[in-house]
Amino acid sequence: MIVNRYCTAMVTIIPSVSALPEASRVLREGRLVAVPTETVYGLAADASNADAVAKIYTAKGRPNFNPLIVHVADIEMAQRCGAFDDLSLRLAETFWPGPLTLIVPLRPEAGIASAVTAGLDTIALRQPVGVLADLARELGNGIAAPSANSSGRISATSAQHVRDDLGDKVDLMIDGGDCAVGVESTIVKVVDGAISVLRAGGVSHEQLSAFAPVADATSNATIESPGQLLAHYAPRVPLRMNAKELADTEAQLAFGASPLQGGGMTLNLSATGDLDEAAHNLFAMMKALDDTGTDSIAVQPIPERGIGVAINDRLRRAAHGSRREGDDG
Ligand code: TXA
Ligand code: MG
74 MIVNRYCTAM
84 VTIIPSVSAL
94 PEASRVLREG
104 RLVAVPTETV
114 YGLAADASNA
124 DAVAKIYTAK
134 GRPNFNPLIV
144 HVADIEMAQR
154 CGAFDDLSLR
164 LAETFWPGPL
174 TLIVPLRPEA
184 GIASAVTAGL
194 DTIALRQPVG
204 VLADLARELG
214 NGIAAPSANS
224 SGRISATSAQ
234 HVRDDLGDKV
244 DLMIDGGDCA
254 VGVESTIVKV
264 VDGAISVLRA
274 GGVSHEQLSA
284 FAPVADATSN
294 ATIESPGQLL
304 AHYAPRVPLR
314 MNAKELADTE
324 AQLAFGASPL
334 QGGGMTLNLS
344 ATGDLDEAAH
354 NLFAMMKALD
364 DTGTDSIAVQ
374 PIPERGIGVA
384 INDRLRRAAH
394 GSRREGDDG
């Protein structure tokens, strides 16, 4: 396979196929690598290296009370980092590698840097699809990786997005093309035999409910997962949901066969009304409309089922974040 390496002004970008040796060397040196996963791109550091983990928080401008997900090679590695009850283990066996993150009690002896868990006695663990899991295997321990975007902004689903947002704050970028799922993992915690969903994502409530009762904890008054903070995933311009008509200057994020007439530029999340396709396109299209310089974005209604729950969650936070920013300005 041809090694297709390209270098921008500041950062070297390499394709997934040739990434492992160099990326694991950069991680061992305590530096940051942007890595594709099936959900979104991650900004990766060795989870056992406190200095490296500190660089993640600095690069993202992330508040240090917001803990990171540790990505593992397999269930065995996950069990060295956290204590799995039977139901958590069954969920991991079913959905890994894949877009499910499990919150379990931290094993202090695992040597995870305390900044990763923001001092909590629990840890978020996920075995992703592809090169990030391979990197964890190569490194021999877990890799801390939040989404590779500035804190509060739209998550990156392509190497280009990472470069536009984080640029030279990343030491190495792995280009794995567009992310297949397009929204982040579902975050769950098993509480008294029930599955508490802290963040909707790539695994749906319907899929989880085959295993145990599912409780939606995404809007709990006490914020257990700081990613639940409302202002998040924000485009620069105001965004509104469930649009039934368009103002002349509004850009449209359409869904289904009947986009609204009028307005400015329209991008369609899925002309056939396919929610998986819509999730895959969501962040790239939000960003593309934001980048046109439109003064606002209107979004057609998205059904609240399957991965549509995660899409609506991200849109709600985007609407809130952009509105707040507008108010400030
Ligand atoms: O799909 C994903 O999950 C992507 C890819 C890169 O794996 N990662 C991702 O990371 O979305 P991030 O940092 O953007 O979101 C992680 C979320 C945050 O909302 C954080 O608060 C929550 O996980 N979290 C991490 N550790 C936690 C813990 N111990 N208890 C509760 N929530 C936790
Ligand atoms: Mg994020």
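If you're matching positions, the sequence shown starts at 74 in our numbering and goes up one per residue. Idealized CB from N, CA, C, for every residue including glycine. Source: prediction; values computed, not measured.
Placement of the Cβ of serine 220 at a distance of less than 6 Å from at least one heavy atom of the ligand MG is found. Bounds of any alpha helix (DSSP H) do not take in arginine 309, whose DSSP letter is neither H nor E. Cα atoms of serine 161 and alanine 316: separation of roughly 39 Å, rounded to the nearest angstrom.
Residue pairing by DSSP puts lysine 262 in a beta bridge opposite Ile176, Ser269. Residue pairing by DSSP places proline 88 opposite Asp248 in a beta bridge.
Note on serine 331: under 16 other CB atoms within 10 angstroms of its CB, so exposed under the neighbour-count rule. Runs of the beta strand (DSSP E) lying entirely within the segment 81-144, each at least 3 residues long, are 85-88, 106-108, 115-119, 142-144 in chain order. Here aspartate 124 is exposed: its Cβ has fewer than 16 other Cβ atoms, across all protein chains shown, within 10 Å. Aspartate 244 sits close to arginine 104, with the two beta carbons spaced by under 7 Å. In terms of CA proximity to valine 204, Leu116 leads the group Leu116, Asp265, Asp159, Thr131. Residue pairing by DSSP puts alanine 371 in a beta bridge opposite Arg313, Gln325. Distances taken from the Cβ of glycine 115 to the heavy atoms of the ligand TXA include one shorter than 6 Å.
The beta carbon of serine 121 is closer than 7 Å to those of Gly184, Ile185, Ala186, Asn214 in its chain, skipping five residues each way along the sequence. Looking at the DSSP output, leucine 198 bridges to Val143, Leu175. In the three-state scheme derived from DSSP, where H, G and I count as helix and E and B as strand, leucine 162 is classed as helix.
Around the CB of glutamine 200, 16 or more other CB atoms lie within 10 Å, so the residue is classed as buried. Annotated as proximal: glycine 274 and proline 172, with beta-carbon spacing under 7 Å.
If you draw a 10 Å sphere on the C-beta of threonine 131, you find fewer than 16 other C-beta atoms in it, and that means exposed.
For alanine 290, the Cβ stays outside the 6 Å cut-off from all heavy atoms of the ligand TXA. In this structure, the C-beta of leucine 355 stays at least 6 Å away from each heavy atom of the ligand TXA. For the pair leucine 312 and alanine 392, the CB atoms are nearer than the 7 Å cut-off. Within the chosen limit of 6 Å, the ligand TXA reaches the beta carbon of proline 140 through at least one heavy atom. For glycine 155, the number of other beta carbons within 10 angstroms of its own is at least 16, and it is reported as buried.
Judged by DSSP in its simplified three-state form, aspartate 347 adopts coil rather than helix or strand.
With respect to leucine 141, proline 88 sits apart: the two C-beta atoms are not nearer than 7 Å. The three-state reading of DSSP puts glycine 366 in coil, since its state is none of H, G, I, E or B. In this chain, the beta strand (DSSP E) harbouring valine 287 covers 287-289. Here the distance from the Cβ of threonine 195 to the nearest heavy atom of the ligand TXA is below 6 Å. Shortest gap from the CB of glutamate 257 to any heavy atom of the ligand TXA: under 6 Å.
In the three-state reduction of the DSSP assignment, leucine 208 falls in the helix class, which pools H, G and I.
Non-local beta-carbon contacts of isoleucine 148 in its own chain, meaning distances under 6 Å to residues more than five positions away in sequence, involve Ala165 in chain order. For proline 170, the closest of Gly335, Pro374, Thr112 by C-alpha to C-alpha distance is Thr112. In the displayed model, isoleucine 227 falls within coil according to three-state DSSP, outside both helix and strand.
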